[in-house]
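Counted from 1, the sequence shown has number 48 at position 48 by the numbering used here; the numbering is strictly sequential. Backbone N, C-alpha and C define an ideal beta-carbon position, used for all residues, glycine too.
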Amino acid sequence: MKKIRLFLVDDHRMMIDMWAALLNADPNFEVVGYGLDAESAFESIKETLPQVVLMDITLPGMSGIELTKALKEKFPTTKVLGVSMHTNILLIKQMLINGASGYVSKTSSFEEMSMAILAVHNGQRFICKDVKDYITNQVISEEDGDPAFKINQLTKRELEIVNMIKDGYSSKEIAEKLFISKRTVEVHRYNIFRKLDVNNITSLIKITNKNIYS
1 MKKIRLFLVD
11 DHRMMIDMWA
21 ALLNADPNFE
31 VVGYGLDAES
41 AFESIKETLP
51 QVVLMDITLP
61 GMSGIELTKA
71 LKEKFPTTKV
81 LGVSMHTNIL
91 LIKQMLINGA
101 SGYVSKTSSF
111 EEMSMAILAV
121 HNGQRFICKD
131 VKDYITNQVI
141 SEEDGDPAFK
151 INQLTKRELE
161 IVNMIKDGYS
171 SKEIAEKLFI
181 SKRTVEVHRY
191 NIFRKLDVNN
201 ITSLIKITNK
211 NIYS
């Protein structure tokens, strides 16, 4: 059996090195390249032509979700396996919509990651147990009205702004610190209040203090 040619995309070099060491030690796999950002990854993939790309979601510039779409448009036969710490259902769904064949949490075992790679290489879908369990728990939490479900709908940027609001920053101050416009901050605030189903800062602080750790 020929080794499956793999390409790794993650913005942490230590993670790349760890994956490469584990995967190259397995007789089924060969790591042919890696990328620390979307642009360099795309160029390297054009040269190395891997069969499966292990893709993180959070990357500098273009996200892993966007890169997945670009790769599938250029190389439709190349399989993409999402590998990330994110368990946000919406992000995982978008990753799959954009062409990923599966998704594995970075907390998954190497055995499960190996199974995922083999599955997507053979044209199958694969979602790791951690994510399946998480989705099940979130459905139960949603039905119970658990605030944790609402908070999980917030994006990374929205969580950042929530913590700044809790620290007493005004919209103008938040805009200056994050190098975005005040209007953008106001849009984020609106979405935060809508997702958390609150209408004032006191309620926002109350619901997030028990469920968000800065």
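For R13, no beta strand (DSSP E) segment is defined; the enclosing uninterrupted segment is the alpha helix (DSSP H) at R13 to N24. Only residues of its own chain outside the window of five on either side were considered, and among them K182, V185, E186 and R189 have a CB closer than 8 angstroms to the CB of S171, listed in chain order. The three-state secondary structure of L71, taken from DSSP, is helix.
Contact annotation: G102 and L81 have beta-carbon atoms nearer than 8 angstroms. Non-local C-beta neighbours of N24 in its own chain, meaning closer than 8 angstroms and more than five positions away in sequence, comprise E30 and V31, ordered along the chain.
Taking C-beta atoms as the reference points, E160 and I192 fail to come closer than 8 angstroms. With respect to the 8 angstroms criterion, F7 and P50 are classified as neighbours on the basis of their beta carbons. Of the residues assessed, T107 falls on the exposed side of the cut-off, its CB having fewer than 16 other CB atoms within 10 angstroms.
Assignment of F179 by DSSP, reduced to helix, strand and coil, places it in the coil class.
The closest CA to that of C128, considering only Q153, D37, I151 and I92, is found on I92. Annotation: K69 to L22 spans about 27 angstroms, alpha carbon to alpha carbon.
K72 and M85 have their C-alpha atoms roughly 22 angstroms apart. Rounded to whole angstroms, K132 and D167 show a C-alpha spacing of 35 angstroms. Setting aside the 5 residues that flank it on each side, Y134 is surrounded in the same chain by T87, each with a C-beta closer than 6 angstroms to its C-beta; the list follows chain order. Comparing alpha-carbon positions, the option among W19, K2 and D197 lying closest to I151 turns out to be D197. Rounded to whole angstroms, the Cβ separation of A119 and F110 is 15 angstroms, and the two are not in contact under 8 angstroms. Across the structure, T208 and Y169 are spaced so that their CA atoms are roughly 16 angstroms apart.
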